[in-house]
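A.B. asks:
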Amino acid sequence: GAGVSQSPRYKVAKRGQDVALRCDPISGHVSLFWYQQALGQGPEFLTYFQNEAQLDKSGLPSDRFFAERPEGSVSTLKIQRTQQEDSAVYLCASSLEQGGTMAYSPLHFGNGTRLTVT
Amino acid sequence: AQKVTQAQTEISVVEKEDVTLDCVYETRDTTYYLFWYKQPPSGELVFLIRRNSFDEQNEISGRYSWNFQKSTSSFNFTITASQVVDSAVYFCALKGPSSGTYKYIFGTGTRLKVLA
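Protein chains in written order, with the working numbering: chain A, 3 to 120; chain B, 281 to 396.
1. Could you please give me the residues that DSSP links to Tyr-92 (chain A) through a beta bridge?
2. Tell me the rounded alpha-carbon separation between Gly-322 (chain B) and Leu-41 (chain A).
3. Tell me which residues of the region 42 to 75 of chain A have at least one Cβ-Cβ distance to chain B shorter than 8 Å, keeping chain order.
4. Run the CB neighbour count on Asn-332 (chain B), radius 10 Å, all protein chains shown included, and call it buried at 16 or more, exposed below.
5. For chain B, is any of its Cβ atoms less than 8 Å away from the one on Pro-108 (chain A)?
6. Count the other CB atoms, across all protein chains shown, that sit within 10 Å of the CB of Ile-81 (chain A); report buried if there are 16 or more and exposed otherwise.
7. Within a Cβ cutoff of 6 Å, which residues of the same chain sit near Thr-300 (chain B), ignoring the five residues on either side of it in sequence?
8. DSSP puts Phe-47 (chain A) in a beta bridge; with which residues?
9. Beta-carbon of Ser-322 (chain B) versus every beta-carbon of chain A: anything under 8 Å?
10. What's the gap between the Cα of Cys-25 (chain A) and the Cα of Gln-282 (chain B)?
11. Considering only the alpha carbon of each residue, which of B:Ser-341, B:Lys-350, B:Thr-352, B:Thr-310 lies closest to Thr-360 (chain B)?
12. Any Cβ of chain A within less than 8 Å of the Cβ of Thr-381 (chain B)?
13. To the nearest angstrom, how far is the alpha carbon of Thr-388 (chain B) from that of Gly-44 (chain A)?
14. Shortest alpha-carbon distance to Phe-47 (chain A) belongs to which of B:Thr-352, B:Lys-375, B:Val-293, B:Leu-392?
15. Is Ser-378 (chain B) helix, strand or coil by DSSP?
16. Report the neighbours of Val-119 (chain A) on chain B: residues whose CB is nearer than 9 Å to its CB, in chain order.
17. Of the choices B:Tyr-384, B:Lys-393, B:Leu-395, B:Thr-390, whose alpha-carbon is the least far from that of Tyr-312 (chain B)?
18. Apart from the five residues just before and just after Tyr-305 (chain B), which ones in its own chain have a Cβ nearer than 6 Å to its Cβ?
19. DSSP beta-bridge partners for Leu-314 (chain B)?
20. Compute the Euclidean distance between the alpha carbons of Ser-36 (chain A) and Ser-89 (chain A), then round it to the nearest angstrom.
21. Sort out for me which residues DSSP pairs Lys-283 (chain B) with in a bridge.
22. Counting along the chain, where does the beta strand (DSSP E) carrying Leu-325 (chain B) start and finish?
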């Protein structure tokens, strides 16, 4: 596609519900990132995929958060038993280059999914 | 530690004024890259510029210019003759080996409001 697509744009969940957020990266992009952006803050790293391999999940806040990218394209971020502190915008980004210590490609972001947990 | 500080939380200017957004970073790396992104109300972060640590030349792109000074660990962004469409949140970001292999470190952003 022309850009990174995320769905849904908005999600309201009751505390304790499970949610699934989808990211469709730019076609052919090897790297896929998930970031969490709290209100008034900058994006915070959650996890990184290189193709279908999840190479870094150090930013996931708890074991309630799970991400996958089974075929190396579309990715899903799942949050189980949502809590109020999970309320944030979840941003997906992709880049053509594979990630790594010496990788500095600009990230292409989607519009994000705004999750509100009530 | 890798850190990006954007001390200006919010700036308001009148259209056609010039405005500078500050970015100060901390890193122990000798090779690193700095970025600026724009986040309009639609939510998508739009890439504006990337600069590597060995290139201290200032860059100009239309009404945008960037001043990178390693001596003060700053990478400031100036918009000349601001327009209402420039209203957005602007983020400075850093990536270097000490960020973690895959992490880009973002500042907290500066919200720019350009008033007609």
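Note that the Cβ used here is the ideal one computed from N, Cα and C, for glycine as well.
C.D. replies: Well, looking at it:
1. Bridge partners of Tyr-92 (chain A): A:Gln-38, A:Thr-115.
2. According to the sequence as given, residue 322 (chain B) is Ser; it is not Gly. So the two alpha carbons sit approximately 15 Å from each other.
3. Taking 8 Å as the Cβ-Cβ cut-off against chain B, the residues of the region 42 to 75 of chain A that qualify are Gly-42, Gln-43, Gly-44, Pro-45, Glu-46, Phe-47, Tyr-50, Leu-57, Asp-58, Ser-60, Gly-61.
4. Classification for Asn-332 (chain B): exposed.
5. Yes, its Cβ sits closer than 8 Å to a Cβ of chain B.
6. Looking at its Cβ environment, which holds 16 or more other Cβ atoms inside 10 Å, Ile-81 (chain A) is buried.
7. Closer than 6 Å at the Cβ level, and outside the excluded window around Thr-300 (chain B), lie Asn-356, Thr-358.
8. A:Tyr-37, per the DSSP bridge assignment.
9. Answer yes: the Cβ-Cβ gap between Ser-322 (chain B) and chain A drops below 8 Å somewhere.
10. Cys-25 (chain A) and Gln-282 (chain B) have their C-alpha atoms some 28 Å from each other.
11. Measuring from the Cα of Thr-360 (chain B), the nearest candidate turns out to be B:Ser-341.
12. It does; some Cβ of chain A falls within 8 Å.
13. A direct Cα-Cα distance of roughly 4 Å separates Thr-388 (chain B) from Gly-44 (chain A).
14. Phe-47 (chain A) has its Cα closest to that of B:Lys-375, out of B:Thr-352, B:Lys-375, B:Val-293, B:Leu-392.
15. Assigned with DSSP and collapsed to three states, Ser-378 (chain B) falls in helix.
16. Simply none; closest approach about 18 Å.
17. Cα-wise, what sits closest to Tyr-312 (chain B) is B:Tyr-384.
18. The answer, listed in chain order, is Val-284, Ser-353, Leu-374.
19. BP columns for Leu-314 (chain B) point to B:Arg-331, B:Leu-374.
20. The residue asked about is misnamed: residue 36 (chain A) is Trp in this sequence, not Ser. Rounded to whole angstroms, Trp-36 (chain A) to Ser-89 (chain A) spans 15 Å at the Cα level.
21. Beta-bridge pairing links Lys-283 (chain B) to B:Glu-306.
22. Leu-325 (chain B) -> no beta strand (DSSP E), and no H or E assigned at all.
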